[in-house]
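Q: Can you read through this structure? Questions will come right after.
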Amino acid sequence: MIRRLILLLALGLSCLPFSASAADELLEVDKAFRLSARALDAGTLEVRYDIANGYYMYRDKFRFALEPAGVQAGTPQMPAGKVKKDEFFGDVETYRKQVVIRLPFSAPAGLDAVTLKATSQGCADIGVCYPPNAQTLQVQVAAMSVAPGAAPGMSIGAPVEPAPAAQEDESSQLAGLLKNAGFWLILTTFFGAGILLALTPCVFPMYPI
C-alpha cells in the first residue's frame, strides 16, 4: 500500500514541471485571438480574428451585439469550419489561422460610429481551453446614404425634359396637309380657325361697343 502511495506521489511530482511549462507557453487570450473590425458599407461590418499558430476557435461560440440604442445586428455570415473531435465539446467546427465574418446591421441615419461587442471562445493545441472572451471595439461606419426607392449608384437630379419628337411629328403632318390640300380647302380651314379664335374669352374685349 505504501509503495502505491509513493508511486502516485512520484507521478504527480513528475507532472508539475510539464504543467508549469504549458502555462508559460500559453498566450494571453487577446493575443491568441486578435480581433479587428471595419465597415464595408453603411450596413455591413467585417469582423476578423487572426488566430495564433497552435490555437483554434469554435465556430458556434461567437456572439455579437451592437450599440448604441437603435443599432440592430443581423445574422452573422460565417464561413464553414473544419470538423474536429474536441476533448471538451465532441465533434465541433473550428477555425485556424484566420476567420472573417460579415455582420449585417441597421443604424439610424447620421451615425458616425458603432460599438461592437464580440464574444468568442478558443483553445490551445496543448489541451488548454480558454473561457468565453468578451471584447469591445469602436468601429467607424461608412458614410453612405441611398434615397428610398433608388438603387445604389443611381444619381437623383432634375427631371429630364422629354424629347420634342412628338411636336416635330405634328408640325410635319400639318405641313404635309397644307402642301397637298387645294386653295379653297386651305381658305376654309383658316376662316373657320379665325372664327373659333374670335369666340375665345381672351378675345371678347376686342369687340367694339
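Count along the sequence shown from 1, add 386, and you get the number used in the numbering used here.
Each residue gets a CB set at the ideal place from its N, CA and C atoms; glycine is no exception.
Keep in mind the model is a prediction, meaning the values are calculated, not measured.
1) What does Q507 pair with, by DSSP beta-bridge criteria?
2) May I ask which residues mark the beginning and end of the beta strand (DSSP E) holding A451?
3) If you follow the alpha helix (DSSP H) that A418 is in, where does it begin and where does it stop?
4) Taking the beta strand (DSSP E) that V527 belongs to, which residues open and close that run?
5) Given this structure, state the Cα-to-Cα distance separating A536 from V457, to the nearest angstrom.
6) Tell me which residue opens and which closes the beta strand (DSSP E) that D477 is part of.
7) Hey, E453 and G467 are a contact pair by Cβ (cut 8 Å); roughly how many whole angstroms apart?
8) Could you check which residue in R420, F419 and L426 has the C-alpha nearest to that of V525?
9) With R445 as the anchor, note down where its beta strand (DSSP E) starts and where it stops.
10) Leaving aside the five residues before and after F596 along the sequence, list all residues of the same chain whose C-beta is less than 8 Å from its C-beta, in chain order.
11) Any idea if S422 is buried or exposed, counting beta-carbon neighbours within 10 angstroms, 16 or more meaning buried?
12) Skipping 5 residues on each side, what residues in its chain have a beta carbon closer than 8 Å to that of P518?
13) With DSSP as the reference, label E411 as helix, strand or coil.
A: According to the structure shown:
1) The residue you call residue 507 lines up with position 121 of the sequence shown. Beta-bridge pairing by DSSP links Q507 to no other residue.
2) Indexing the sequence shown from 1 puts residue 451 at position 65. Segment R449 to E453, the beta strand (DSSP E) holding A451.
3) Start at 1 with the first residue of the sequence shown, and residue 418 comes out as number 32. From DSSP, the alpha helix (DSSP H) with A418 extends over V415 to A418.
4) Position 141 of the sequence shown, counted from the first residue, corresponds to residue 527. DSSP places V527 in no beta strand (DSSP E); its state is neither H nor E.
5) Translated into the one-based positions of the sequence shown, residue 536 becomes position 150. Translated into the one-based positions of the sequence shown, residue 457 becomes position 71. Model confidence at A536 stands at a pLDDT of 36, short of 50, so the residue's coordinates are unreliable; what they give is reported in the following sentence. The straight-line gap from Cα to Cα measures roughly 23 Å.
6) Counted from its first residue, the sequence shown places residue 477 at position 91. It spans G476 to Y481 - the beta strand (DSSP E) in which D477 sits, taken as one unbroken run.
7) Within the sequence shown, residue 453 is the residue found at index 67, counting from 1. Within the sequence shown, residue 467 is the residue found at index 81, counting from 1. E453 to G467, Cβ: 28 Å. No contact.
8) Translated into positions along the sequence shown, residue 525 becomes position 139. It is L426.
9) By 1-based counting over the sequence shown, the position of residue 445 is 59. From DSSP, R445 is part of no beta strand (DSSP E); its letter is neither H nor E.
10) Nothing about residue 596 can be reported from this structure: the residues present for the chain run from 387 to 595 only.
11) Reading the sequence shown from its first residue, position 36 is the one you call residue 422. Burial call: exposed.
12) For the purposes of this step, residue 518 is identified with residue 132 of the sequence shown, where counting begins at 1. Excluding sequence neighbours, P518 sits near K447, T505, S506 and Q507.
13) If you number the sequence shown from 1, residue 411 lands on position 25. Note: E411 maps to helix in three-state DSSP.
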